[in-house]
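These notes concern the structure reproduced below.
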Amino acid sequence: MSEFERDKSREKVAYLDPTNGFQEHTTYVEVREDGVTGVTSRILPHRFRTAGGQDVREHAEAGAATCPFCRERMEQVTPRFTADVIQEGRFRRGQAVLFPNAFPYGRNSSVAIFSHEHALRLSAMDVGILGDGFLVCRDYFQRLQQMDPALGFCSVNWNYMPPAGGGLVHPHLQTICGPRPTAFAAKTHESARGYQTRTGRNLWEDLVAHEKREMERYLGQTGPVEWVSSFAPKGMAGEVCFFLPARASIFTLTDEDVLQLALGLRCVFRYLEAAGIASFNLALDATLMDDAAFGVRGRLIPRFTLPPLGISDVNYYEKLQNEIICITVPEDMAREMRPFFERRR
29 MSEFERDKSR
39 EKVAYLDPTN
49 GFQEHTTYVE
59 VREDGVTGVT
69 SRILPHRFRT
79 AGGQDVREHA
89 EAGAATCPFC
99 RERMEQVTPR
109 FTADVIQEGR
119 FRRGQAVLFP
129 NAFPYGRNSS
139 VAIFSHEHAL
149 RLSAMDVGIL
159 GDGFLVCRDY
169 FQRLQQMDPA
179 LGFCSVNWNY
189 MPPAGGGLVH
199 PHLQTICGPR
209 PTAFAAKTHE
219 SARGYQTRTG
229 RNLWEDLVAH
239 EKREMERYLG
249 QTGPVEWVSS
259 FAPKGMAGEV
269 CFFLPARASI
279 FTLTDEDVLQ
289 LALGLRCVFR
299 YLEAAGIASF
309 NLALDATLMD
319 DAAFGVRGRL
329 IPRFTLPPLG
339 ISDVNYYEKL
349 QNEIICITVP
359 EDMAREMRPF
369 FERRR
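Here you go:
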């Protein structure tokens, strides 16, 4: 294992190939283990084509007439908070509106709409509206902490489009907030605390510095936000990680920090659109109190379906064996995505 508890090995695979007269064919599967995250990924030697050129319009047309998040219906059909949370019933910032999740995952589960448009292509995601979406979530967390100081951890999440589990096309974020982090965030927090105990240093600062030196998976920087292609991805099409090592809680994020985060997301979105991918999952995890070991950090996983039948990119290996099948080499993804950060403006 490396200093960051990473390991990789190759498994040799041999078979008689029917496409080549049943001659013996040899290939390799690379197994990557990331001790920090607890993720094991299998990087496959063969590449699949995604159902490229996906267009949001095919999804948008189906639900536009009844979408509860569109302006003509949102005020009447979405929930409101009780007056003790916010007198007006909903949190607002710019176009962004945050309200209780009608299908909650926990005590403090909310939805944040951040655009009047029913459907937005990735390239149409404006930095300003993206920023307001995250900032209205921060406003909500601030009010929750005022009401209950025991709340310690929060997360902003995004399922963009149906392949990623997005039940509604209208762009929206979802929050969770509670006294303890989710299982994955808790695992990485445990790793960060262990690293701090062993070395006296901050794991995320050292990890970013290592990636910058190696330049195998480093993508770029937008303000205080560092972007890296994951060593052991949690998605079949790879994974993008982002870190704000100098920020110790969600409340240490300035408005400008959030705009820089949105700018980096725009770079990733442009890469995805160029690659023919139009769906993703995103999570930003943070604390409500200063904790440099936890930090502010997040992940984005591209999602897609496999042609010609629209096969899911999640299978038994992930759901039942808890290992990720990945058809994207992280270092290749970094090399292809880096130019989008270099010409980000």
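If you want my numbering, it's the position in the sequence shown, counting the first as 1, plus 28.
Each residue gets a CB set at the ideal place from its N, CA and C atoms; glycine is no exception.
- Residues Ser183, Asn185, Gly326, Arg327 of the same chain have their beta carbon placed closer than 7 angstroms to that of Ala311, with the five preceding and five following residues left out of the count.
- Rounded to the nearest angstrom, the gap between the Cα atoms of Thr55 and Val253 is 38 angstroms.
- Ser143 carries a coil assignment under DSSP once its states are collapsed to helix, strand and coil.
- The beta strand (DSSP E) runs of length 3 or more contained entirely in the stretch 166-218 are, from start to end of the chain, 181-188, 200-206.
- Look at Val324 here: in three-state DSSP terms it is strand.
- With the rule of 3 Cβ pairs closer than 8 angstroms, the stretch 358-368 counts as touching the stretch 289-304.
- Ala124 is positioned such that its CB atom lies closer than 7 angstroms to that of Val164.
- With a cut-off of 8 angstroms on Cβ pairs, the stretch 268-277 is not in contact with the stretch 45-52, counting fewer than three such pairs.
- Within the model, the alpha-carbon separation for Glu267 versus Gly156 is close to 24 angstroms.
- With contacts defined by Cβ atoms closer than 7 angstroms, Leu247 and Ala362 form a contacting pair.
- The stretch 57-72 and the stretch 165-183 do not touch, with fewer than 3 CB-CB distances between them shorter than 8 angstroms.
- With a beta-carbon spacing of about 5 angstroms, Val286 and Phe162 fall inside the 8 angstroms limit used to define contacts.
- If you draw a straight line from the Cα of Ala214 to the Cα of Lys347, it comes to about 20 angstroms.
- A residue is called buried when at least 16 other Cβ atoms come within 10 angstroms of its Cβ; Val105 does not meet this threshold and is exposed.
- Going by beta carbons, Pro199 and Ser151 fall outside the 7 angstroms limit.
- Contact annotation, Thr65 with Ala260: C-beta distance approximately 7 angstroms; criterion of less than 8 angstroms satisfied.
- Beta-bridge pairing by DSSP links Ser138 to Pro128, Thr203.
- Assignment of Pro358 by DSSP, reduced to helix, strand and coil, places it in the helix class.
- For Phe279, the closest C-alpha among the options Ile114, Ala147, Gln174, Ser137 is that of Gln174.
- Take Asn187, set aside five residues on each side of it, and the residues of its chain with a beta-carbon closer than 7 angstroms to its own are Gly193, Gly194, Asn309, in chain order.
- Leu196 and Arg208 have their C-alpha atoms some 28 angstroms from each other.
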